[in-house]
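Colleague:
Number of protein chains: 2
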Amino acid sequence: MNGLPRSGDGSPEPSCVLLSGGVGGARMAAGLQEALPPGRLSVLGNTGDDFELLGLRVCPDLDTLLYTLAGRAHPDQGWGLQNETWQCMHALEELGAPCWFQLGDRDLATHLVRTEALKQGRSLTGVTADLARALGLKTRVLPMCDEAVGTRLRTREGLLDFQDYFVRRGQRDRVLEVEFAGIRQARATREVLEALAQAELVVLAPSNPFVSIAPILAVPGLGQALAQSAARKIAVSPIVGGRALKGPAAAMLESMGHEVSALGVARLYSGVVDEFVLDLEDEHLAPAVASLGMMPRVLPTVMSGPRERLALARALIRP
Amino acid sequence: MNGLPRSGDGSPEPSCVLLSGGVGGARMAAGLQEALPPGRLSVLGNTGDDFELLGLRVCPDLDTLLYTLAGRAHPDQGWGLQNETWQCMHALEELGAPCWFQLGDRDLATHLVRTEALKQGRSLTGVTADLARALGLKTRVLPMCDEAVGTRLRTREGLLDFQDYFVRRGQRDRVLEVEFAGIRQARATREVLEALAQAELVVLAPSNPFVSIAPILAVPGLGQALAQSAARKIAVSPIVGGRALKGPAAAMLESMGHEVSALGVARLYSGVVDEFVLDLEDEHLAPAVASLGMMPRVLPTVMSGPRERLALARALIRP
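Protein chains in written order, with the working numbering: chain A, 22 to 340; chain B, 22 to 340.
1. Buried or exposed for GLN54/B, please, with buried defined as at least 16 other CB atoms from any protein chain shown within 10 angstroms of its CB.
2. Please confirm whether VAL134/A and LEU116/B have their CB atoms less than 7 angstroms apart.
3. Kindly list, in the order they appear in chain B, the residues whose Cβ is closer than 7 angstroms to that of CYS109/A.
4. Output, in chain order, the set of chain A residues within a Cβ distance shorter than 8 angstroms of THR85/B.
5. Expressed to the nearest angstrom, what Euclidean distance is found between the alpha-carbon atoms of THR160/A and SER63/A?
6. How many angstroms separate the CA atom of PRO269/A from the CA atom of ASN229/A?
7. If we ignore side chains and look at the alpha-carbon of each, how far apart do VAL319/B and ASN67/B end up?
8. Just to confirm my understanding: we take ALA56/A, look at its own chain, exclude 5 residues before and 5 after, and list those with CB closer than 7 angstroms. What are they?
9. In chain order, what residues of the same chain lie with their CB nearer than 7 angstroms to the CB of GLY244/B, ignoring the 5 residues before and after it?
10. My understanding is that TYR186/B touches LEU174/B, with C-beta atoms under 8 angstroms, so please give their C-beta distance in whole angstroms.
11. Looking only at its chain, what residues have a beta carbon closer than 8 angstroms to the beta carbon of ALA271/A, apart from the 5 residues adjacent to it on each side?
12. Which residues mark the beginning and the end of the alpha helix (DSSP H) in which GLU329/A is found?
13. GLU296/B by DSSP, collapsed to three states: which one?
14. I'd like the span of the alpha helix (DSSP H) that includes LEU243/A, first residue to last.
15. For LYS254/A, count neighbouring C-beta atoms within 10 Å of its own C-beta (all shown protein chains included) and say buried if the count is 16 or more, exposed if not.
16. Hey, out of ALA226/B, VAL148/B, TYR290/B, GLY314/B, whose CA is closest to MET324/B's CA?
17. Is the shortest distance between the beta-carbon of THR91/A and the beta-carbons of chain B less than 7 angstroms?
18. List, in chain order, every chain B residue whose beta-carbon is nearer than 8 angstroms to that of THR146/A.
19. Look at the alpha carbon of GLU302/B and the alpha carbon of GLY99/B, and state the distance between them as a whole number of angstroms.
20. What residue from PRO321/B, LEU40/B, SER291/B has the CA that sits closest to VAL162/B's CA?
21. Could you pull out every unbroken beta strand (DSSP E) segment of at least 3 residues lying fully inside the region 23 to 78 of chain A, listed in chain order?
22. Should VAL154/B be labelled buried (16 or more other beta-carbon atoms within 10 Å of its own) or exposed?
23. Can you list the residues of chain A that LYS140/B reaches, using a CB-CB cut of under 7 angstroms?
24. Check for me: the beta strand (DSSP E) holding VAL319/A runs from which residue to which?
25. In angstroms, rounded to a whole number, what distance separates the CA positions of GLY45/A and GLY292/A?
26. Less than 7 angstroms between CB atoms is the rule here; does GLU73/A satisfy it with respect to chain B?
27. How about the region 165 to 173 of chain A and the region 69 to 78 of chain A: do they share at least three Cβ pairs that are nearer than 8 angstroms?
28. Could you have a look at GLU275/A and say whether DSSP puts it in helix, strand or coil?
29. Measure the CB-CB distance between LEU158/A and LEU90/A and report whether it falls below 7 angstroms.
30. What residues of chain A sit near LEU158/B, judged by a beta carbon separation below 8 angstroms?
31. Should ARG211/A go down as buried or exposed, given a rule of 16 or more other Cβ atoms within 10 Å for buried?
32. Could you tell me the alpha carbon to alpha carbon distance between GLU296/B and GLU200/B, rounded to whole angstroms?
33. Would you say VAL134/B lies against chain A (beta-carbon separation less than 7 angstroms)?
34. In the DSSP output, which residue or residues are listed as bridge partners for LYS254/B?
35. Does chain A have any CB closer than 7 angstroms to the CB of LEU113/B?
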């Protein structure tokens with residue numbers, strides 16, 4: 022017996038699974054990691070944004086999760102590492118290489134190690150665990166699947182790869198539809214299924230519902246395992262006062278014909294979660310959320326700093 | 022007509038081909054580049070030292086040539102770039118990646134661009150020309166061949182890959198034999214054959230005869246093209262006063278049963294070149310060199326700085 026409270030032993034802290042995209046989800050992951058005993062959190066990270074750059078496999082959401090959970094993320098921009106340098110990038114520019122995606126010198130090490138391990142036959146789940154261990158994490162970071170899945174956005178300019186839309190073209194295109202290439206060949210991993218089976222609390226982070234949470238739920242076997250789980254299931258709205266805190270979630274709600282509000286998001290998650298967290302600013306939407314069959318919870322959801330994210334995590338954990 | 026003297030137009034400066042390994046050869050290349058009109062020099066670089074590290078194709082001799090000819094080489098160590106940083110390397114160490122070979126942040130850009138271009142089907146000759154162009158070079162840097170050739174050293178510890186012997190194990194093993202894996206599948210490239218056909222002067226740099234010059238000469242078709250060339254052919258001794266200026270050339274002469282002197286090197290090149298350059302310190306070996314059928318030339322060969330390498334290059338160019 023060790024002194025840590027464990028799942029099922031009557032301790033108040035539940036085993037928790039977080040479904041997460043990048044920056045916003047990573048902040049919630051950091052809050053939950055701090056609020057829970059070590060090792061009690063598993064984060065299922067979106068890999069639909071992954072892409073290959075100069076032969077390197079880049080996993081933006083997994084990396085943002087790893088760096089944020091390790092306390093190494095850049096404090097302001099959310100992605101990338103603190104104290105990063107850009108010497109390789111400058112040299113790549115001189116050599117005329119494609120430089121629309123920012124590759125920091127220290128960040129490059131992650132991509133090099135991952136790409137090589139995948140080439141040697143290690144799974145993405147395995148190499149992500151290796152990276153998490155090297156960074157000293159107790160939290161498990163699990164890719165949503167090991168197979169390559171590519172989020173693509175239908176726009177008037179045609180079908181765009183996610184990073185093409187998101188970084189290269191600066192999210193300027195109106196998104197008409199989202200698809201996940203390769204998703205039918207994907208399978209929920211043993212690690213993801215185990216985490217969901219053991220979970221007492223599942224949280225859908227305030228990430229983009231269309232391009233961060235939807236691909237995770239679309240992995241064959243994963244949505245079913247979530248549906249069968251006896252855990253409490255909570256989603257946190259990424260829309261506050263009708264605006265996305267970050268990224269194109271509000272624009273996508275509008276362009277795909279949904280109400281641009283926390284209620285519009287709640288409708289997307291109807292039947293998936295039991296509780297829906299609204300920001301204080303959106304308290305007036307609580308009755309409408311309740312009418313969807315979800316318990317509305319009204320909390321301060323804006324994670325402007327470590328204190329706010331910890332307070333939100335503690336509130337989510339409390340039944 | 023432009024004002025530059027051109028080959029065959031009666032100008033005193035010949036079209037020149039240099040066979041070269043890394044640091045010492047690169048210094049000679051820089052001297053010849055300065056002594057000749059722009060575009061008159063082609064350097065055939067050894068690729069037997071090439072290897073793969075974290076999925077990247079690293080070509081130490083070609084890179085040393087490119088960086089030195091571009092005036093960007095580290096002034097003291099000879100390899101690598103001046104003002105280099107090592108952030109990626111530090112991060113790789115933290116992640117437990119193999120770090121026995123120093124990968125600088127700016128240097129990494131070269132490996133990334135090359136590896137990706139090769140993957141896309143570009144030849145090593147092609148991508149090396151791209152890199153040379155991006156660095157602003159007029160001198161042509163030609164890999165000895167496009168196929169992968171691996172220098173291996175037979176030692177009491179077994180057969181060692183070149184970088185394993187040279188960097189990881191710090192040249193501590195006694196070399197009994199040298200072989201070039203894959204050499205029979207290699208072919209002299211069109212670019213190398215053209216350079217040799219047009220050359221009026223061919224210089225064998227003061228590089229290691231066993232692991233820098235021998236692999237180049239061993240490429241099928243290349244040695245024959247050199248033999249058939251009407252150019253003046255000169256070798257410069259890498260051994261001065263019985264010692265190698267750099268690297269394990271003296272130790273290899275000894276361990277493979279040759280005389281450890283400039284004369285021992287001259288014997289290796291007998292029948293390959295017409296002239297053999299001895300350092301002032303080895304003037305007494307001139308009669309023995311002459312008896313091998315080569316014209317001995319006695320010159321200051323130690324390239325301690327830009328002035329010395331230019332003076333040596335000018336002396337080589339003069340018939």
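From the three backbone atoms N, C-alpha and C, an ideal C-beta is built for every residue, glycine too.
Modeller: Answer, in terms of the structure:
1. Residue mapping note: residue 54/B aligns to position 33 of the second sequence, counting from 1. GLN54/B should be labelled buried.
2. As a first step, residue 134/A must be located in the first sequence, where it is residue number 113. As a first step, residue 116/B must be located in the second sequence, where it is residue number 95. Going by C-beta atoms, VAL134/A is nearer than 7 angstroms to LEU116/B.
3. Counted from its first residue, the first sequence places residue 109/A at position 88. Those within 7 angstroms of CYS109/A in chain B are CYS109, ASP126, ARG127, LEU129, ALA130.
4. For the purposes of this step, residue 85/B is taken as the residue at position 64 of the second sequence. Ordered by position in chain A, no residue passes the 8 angstroms Cβ test against THR85/B, which lies about 16 angstroms from the chain.
5. As a position in the first sequence, residue 160/A is number 139, starting the count at 1. As a position in the first sequence, residue 63/A is number 42, starting the count at 1. If I take the Cα positions, the gap works out to 6 angstroms.
6. In the first sequence, residue 269/A corresponds to position 248, counting from 1. In the first sequence, residue 229/A corresponds to position 208, counting from 1. Near 8 angstroms, if we compare the C-alpha coordinates of ASN229/A and PRO269/A.
7. Within the second sequence, residue 319/B is the residue found at index 298, counting from 1. Within the second sequence, residue 67/B is the residue found at index 46, counting from 1. Roughly 26 angstroms separates the two Cα atoms.
8. Start at 1 with the first residue of the first sequence, and residue 56/A comes out as number 35. Hits under 7 angstroms: LEU331, ALA334, ARG335, ILE338.
9. As a working note, residue 244/B is residue 223 in the second sequence. Correct list, in chain order: LEU238.
10. Within the second sequence, residue 186/B is the residue found at index 165, counting from 1. Within the second sequence, residue 174/B is the residue found at index 153, counting from 1. Sure, about 5 angstroms apart at Cβ, within 8 angstroms.
11. Along the first sequence, one-based indexing puts residue 271/A at 250. Answer for ALA271/A: ILE260, GLY263, ARG264, ALA265, VAL281, listed in chain order.
12. For the purposes of this step, residue 329/A is taken as residue 308 along the first sequence, with counting starting at 1. 327 to 338 is the extent of the alpha helix (DSSP H) around GLU329/A.
13. The residue you call residue 296/B lines up with position 275 of the second sequence. DSSP places GLU296/B in strand when its eight states are reduced to three.
14. By one-based count along the first sequence, residue 243/A stands at place 222. Note, LEU243/A: alpha helix (DSSP H), 243 to 249.
15. Residue mapping note: residue 254/A aligns to position 233 of the first sequence, counting from 1. Classification of LYS254/A: buried, given that the 10 Å Cβ count is 16 or more.
16. The residue labelled residue 324/B in the question sits at position 303 within the second sequence. It is ALA226/B.
17. The residue you call residue 91/A lines up with position 70 of the first sequence. Checking the sequence shown, residue 91/A turns out to be Ala, not Thr. By this cut-off, ALA91/A is not an interface position.
18. For the purposes of this step, residue 146/A is taken as the residue at position 125 of the first sequence. What THR146/A touches in chain B: nothing, since even the nearest Cβ is about 17 angstroms away.
19. The count along the second sequence starts at 1 and reaches residue 302/B at position 281. The count along the second sequence starts at 1 and reaches residue 99/B at position 78. Cα to Cα, the separation comes out at about 24 angstroms.
20. By one-based count along the second sequence, residue 162/B stands at place 141. It is LEU40/B.
21. 37 to 41, 62 to 66, 72 to 74
22. Locating residue 154/B in the second sequence gives position 133, counting from the first residue. Correcting the residue identity first, residue 154/B is Arg in this sequence and not Val. The residue in question, ARG154/B, is exposed, as its Cβ has fewer than 16 Cβ neighbours within 10 Å.
23. Residue 140/B sits at position 119 when you count from the first residue of the second sequence. Correct list: GLY76.
24. Residue mapping note: residue 319/A aligns to position 298 of the first sequence, counting from 1. 316 to 320 is the extent of the beta strand (DSSP E) around VAL319/A.
25. Sequence index remark: in the first sequence, residue 45/A carries index 24 (1-based). Sequence index remark: in the first sequence, residue 292/A carries index 271 (1-based). Those two C-alpha atoms are separated by around 23 angstroms.
26. For the purposes of this step, residue 73/A is taken as residue 52 along the first sequence, with counting starting at 1. False, the Cβ-Cβ gap to chain B never drops below 7 angstroms.
27. yes
28. Position 254 of the first sequence holds residue 275/A. Looking at GLU275/A - three-state DSSP - the assignment turns out to be helix.
29. As a working note, residue 158/A is residue 137 in the first sequence. As a working note, residue 90/A is residue 69 in the first sequence. Yes, these two residues count as a Cβ contact at 7 angstroms.
30. In the second sequence, counting from the first residue as 1, residue 158/B sits at position 137. By Cβ distance, chain A contributes nothing, its closest Cβ being about 13 angstroms from LEU158/B, past 8 angstroms.
31. Position 190 of the first sequence, counted from the first residue, corresponds to residue 211/A. So ARG211/A counts as exposed.
32. The residue labelled residue 296/B in the question sits at position 275 within the second sequence. The residue labelled residue 200/B in the question sits at position 179 within the second sequence. Spanning the two alpha carbons is a distance of roughly 27 angstroms.
33. On the second sequence, residue 134/B is found 113 positions in, with the first residue counted as 1. Closer than 7 angstroms to some Cβ of chain A, the Cβ of VAL134/B qualifies, so yes.
34. Taking the second sequence and counting its residues from 1, the one referred to as residue 254/B is at position 233. Answer is VAL223/B, bridged to LYS254/B.
35. Reading the second sequence from its first residue, position 92 is the one you call residue 113/B. Yes, its Cβ sits closer than 7 angstroms to a Cβ of chain A.
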